[in-house]
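Trainee: To start, I am sharing the structure in question, which I have written as C-alpha cells.
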Amino acid sequence: MHCYVAQCLYRISISRVNVEAVQSQTMSYLRHGKQFKSVCWHVSHTRMFSVTKSSRTIMPAWVIDKYGSNDVLRFTRNAGFPVINYPNEVIVKVLSAGLNPLDVSMRDGYGAAALSMKRDPLNIKQSGSEFPLVLGRDASGVIMECGLDVKHFRERDEVWAAIPPWKQGSLAEFVVLSANEVSHKPKSLSHVEAAAVPYVATTAWSALVNTGGLNKDNCAKKRVLILGGSGGVGTFAIQMLKAWGAHVTVTCSQNAERFVRDLGADHVVDYTAGPVEEPLSSLEKFDLILDNVGGDTERWALNLLKPWCGAKFVTLITPFLQNIDSLGIADGMMQSAATGATKMLKHLVKGVHYRWGFFAPSGPALDEIREMVDAGQVQYQMFSLAWSGTDTRLFITECIWAPLVSATV
1 MHCYVAQCLY RISISRVNVE AVQSQTMSYL RHGKQFKSVC WHVSHTRMFS VTKSSRTIMP
61 AWVIDKYGSN DVLRFTRNAG FPVINYPNEV IVKVLSAGLN PLDVSMRDGY GAAALSMKRD
121 PLNIKQSGSE FPLVLGRDAS GVIMECGLDV KHFRERDEVW AAIPPWKQGS LAEFVVLSAN
181 EVSHKPKSLS HVEAAAVPYV ATTAWSALVN TGGLNKDNCA KKRVLILGGS GGVGTFAIQM
241 LKAWGAHVTV TCSQNAERFV RDLGADHVVD YTAGPVEEPL SSLEKFDLIL DNVGGDTERW
301 ALNLLKPWCG AKFVTLITPF LQNIDSLGIA DGMMQSAATG ATKMLKHLVK GVHYRWGFFA
361 PSGPALDEIR EMVDAGQVQY QMFSLAWSGT DTRLFITECI WAPLVSATV
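For the sequence shown, UniProt numbering assigns the number 1 to the initial residue and increments by one for each residue that follows.
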C-alpha cells in the first residue's frame with residue numbers, strides 16, 4: 001500500500017463502492033478534517049456511462065439528515081437523482097470528489113441559516129428542507145447532460161468544478177451545476193488530482209483578483225504578504241502570485257518553510273519562533289496582505305501596508321455566517337454590515353483598505369487556473385510513503401501540515 005503526499009488533499013481510491021471502507025475513511029477525515037484542506041474519493045464504477053438521462057430517479061450518495069457529529073453521515077443508494085431545472089445547467093457524473101474543512105463545519109451546522117436563505121430566498125419551503133444534504137465542495141468528472149442554453153460544453157466533456165456550499169455536493173454519483181460554475185479539466189491532471197484543486201484555487205482567486213484587485217497584468221513587482229501560507233488557499237495564492245511576477249512573503253511554521261519556498265515564496269517568517277509582527281515590521285511595506293489566520297492579526301497587520309497607495313488587507317476569516325447563525329438573518333446581516341463598515345472606515349482614514357474575501361464559484365476563473373496548471377505554473381510536489389494498516393487515522397495525524405494526501409487502499 002502506498003500513499004502520495006502532495007498539496008491539499010487526502011483522498012482514497014477504491015474500486016466500486018465499498019461502503020464500510022469508505023465510511024471508515026470518511027469518519028476519520030471528519031474527526032480530523034479541520035487540520036486538512038481537502039479529502040477526495042476516486043470511485044471507479046463498473047457500470048458504463050448512462051445515456052438514458054430521464055430513466056434514472058435514484059443514485060448512490062453520502063448524505064446527512066440532520067446537523068451533528070460523524071454519526072449523522074450515512075451512505076444510501078436511494079438519493080434523489082439531480083435534474084436540470086434551468087437551461088444553463090449541466091449534470092456532471094462525478095469521478096472524483098473532494099471534501100474541505102468547510103464541509104466538516106457544515107456537517108456541524110455552520111452557516112445553516114444563511115445557506116438555507118440562499119437556497120430558498122422566499123422562505124417557501126419548510127425548515128430542514130435541505131436534507132438529505134450531500135457534502136463535498138470539489139468535483140471532477142464528465143458531462144452527462146446539458147441544458148438547452150449550454151453551448152460551451154458537450155456530453156462526455158471532462159470537467160472540474162468548485163461547488164457552492166448552498167448546492168448539493170459532490171459525494172454522490174451525479175451533481176447538477178450551472179454551466180458558469182464548470183470548466184474543462186486540465187489535461188495534465190488526472191480526475192483524482194483535479195478534484196483537489198477547484199475550491200481552494202477559486203477561493204484564492206476570488207481573494208486576490210475579485211477583492212484584492214490583482215491580476216496577471218498589474219501584479220509585477222507588487223509586494224504581497226500571505227498570513228498562513230502553507231494551507232490550501234495559501235499555497236495556491238503563492239503560485240498564482242509568483243506566476244504573475246509578485247514578490248511574496250509568507251508566514252508559516254518552521255516545518256512548512258521548505259515547502260512554501262519550493263512553491264516560490266521569496267521570504268518566509270516562522271510564526272512559531274515568536275511574534276511575527278516584529279520581523280515583518282522590519283521589512284518594506286506591502287501592497288496587499290492576504291489573511292488566512294484571523295484572530296488578532298488585524299490589530300497589527302494593517303500597519304504593514306503602504307499608506308495612501310491603494311494597499312489592501314483581505315481577510316478570509318469573517319464573522320458573516322456566524323453572525324447569521326447566532327443572531328438570525330436580519331440581525332446577523334445588520335451586525336455584519338456594521339462591523340465591516342466600521343473597520344473599513346477606521347482604516348480608510350489611515351490610507352489603507354480593509355476588505356472581507358469570500359469564495360466565489362467561477363468557471364471562467366477555473367479556465368485561467370487550468371491554463372496555469374497545464375503551463376506548469378501551478379504544480380503538485382508529490383512523494384511516496386510506504387505504509388500498512390487498515391486504520392488511516394494515525395497516518396492522517398502525522399500529516400497535519402501537508403494538506404494534500406493521496407492514498408490507495
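For each residue, glycine too, the CB sits at the ideal point set by N, CA and C.
Note that this is a predicted model, so its numbers are computed, not measured.
1) Rounded to whole angstroms, what's the CA-CA distance from Pro307 to Gly351? Just pull it up for me.
2) Using the rule of at least 16 other Cβ atoms within 10 Å of the residue's Cβ for burial, across every protein chain shown, is Gln126 buried or exposed?
3) Less than 6 angstroms between C-beta atoms, sequence neighbours within five positions excluded: which residues of the same chain meet that for Thr211?
4) Since Gly68 and Ala97 should fall inside the 8 angstroms C-beta cutoff, what is the C-beta to C-beta distance between them, to a whole number of angstroms?
5) Using DSSP bridges, identify the partner residues of Ile84.
6) With DSSP run on the structure shown, which of helix, strand or coil describes Asn215?
7) Ordered along the chain, which non-local residues of its own chain (more than five positions away) have a Cβ less than 7 angstroms from that of Leu305?
8) When burial is assigned at 16 or more other CB atoms within 10 Å of the CB, is Ser170 buried or exposed?
9) Anyone know if the C-beta pair for Ala195 and Ser140 falls short of 8 angstroms?
10) Please check the pair Trp166 and Leu115, which I expect to be a contact at CB under 8 angstroms, by giving their CB distance rounded to whole angstroms.
11) Exposed or buried, what is Pro364 when buried is set at 16 or more other beta-carbons lying within 10 Å of its beta-carbon?
12) Suppose contacts are defined by Cβ-Cβ distances below 8 angstroms. Is Asp296 in contact with Leu316 by that definition?
13) For His247, which option in Phe81, His267, Leu280 and Asp217 has the closest C-alpha, if you only look at C-alpha atoms?
14) Please state the DSSP three-state secondary structure of Val352.
15) Quick check on Lys185: buried or exposed, where buried means 16 or more other Cβ atoms within 10 Å of its Cβ?
16) Which of helix, strand or coil does DSSP assign to Leu345?
17) Could you tell me which uninterrupted alpha helix (DSSP H) segments, each at least 4 residues in length, are contained entirely in the segment 87-128, listed from first to last along the chain?
18) Run through DSSP, which three-state label would Pro275 get?
19) Around the C-beta of Ile369, are 16 or more other C-beta atoms found within 10 angstroms, so that it is buried, or is it exposed?
20) Could you tell me the distance, in whole angstroms, from the CA atom of Val224 to the CA atom of Gly376?
21) So, are the CB atoms of Gly111 and Asp331 less than 8 angstroms apart?
22) Extract the residue ranges of the beta strand (DSSP E) inside the segment 213-275, only unbroken runs of 3 or more that lie entirely within it.
23) Sorted by chain position, which residues of the same chain lie with C-beta nearer than 6 angstroms to Thr251's C-beta, five sequence neighbours on each side aside?
24) Run through DSSP, which three-state label would Leu290 get?
25) Could you compute how far the alpha carbon of Ala113 sits from the alpha carbon of Leu321?
26) Select from Ile64, Ser282 and Ala237 the residue whose C-alpha is nearest the C-alpha of Arg261.
27) In the segment 162-206, which residue ranges form an unbroken alpha helix (DSSP H) of at least 4 residues, counting only runs that do not cross its ends?
28) Is Tyr199 near Phe359, with beta carbons less than 8 angstroms apart?
29) Going by DSSP, which residues form a beta bridge with Cys146?
30) What's the C-alpha gap between Pro60 and Asp157?
31) Please classify Leu189 as buried or exposed, where buried requires at least 16 other C-beta atoms within 10 Å of its C-beta.
32) Tell me which residues share the same chain as His347 and place their Cβ nearer than 8 angstroms to its Cβ, disregarding the 5 neighbours each side in the sequence.
33) On the criterion of 16 or more Cβ atoms from any shown chain inside 10 Å, does Thr235 qualify as buried, or is it exposed?
34) Identify whether Leu305 lies in helix, strand or coil by the three-state DSSP scheme.
35) If we ignore side chains and look at the alpha-carbon of each, how far apart do Ile329 and Gln254 end up?
36) Using three-state DSSP, classify Ser326 as helix, strand or coil.
Mentor: Result, derived from the coordinates:
1) 5 angstroms
2) exposed
3) Val314, Arg355 and Gly357
4) Actually they do not touch by this definition, with Cβ atoms about 22 angstroms apart.
5) DSSP lists no partner for Ile84.
6) coil
7) Lys285, Phe286, Ile289, Ala311, Phe313 and Val352
8) buried
9) yes
10) 5 angstroms
11) exposed
12) no
13) His267
14) coil
15) buried
16) helix
17) 101-108 and 112-119
18) coil
19) buried
20) 22 angstroms
21) no
22) 223-227, 247-252 and 267-270
23) Leu227, Val269, Tyr271 and Val276
24) strand
25) 8 angstroms
26) Ala237
27) 191-194 and 198-205
28) yes
29) Val90
30) 22 angstroms
31) buried
32) Leu302, Phe313, His353 and Tyr354
33) buried
34) strand
35) 41 angstroms
36) helix
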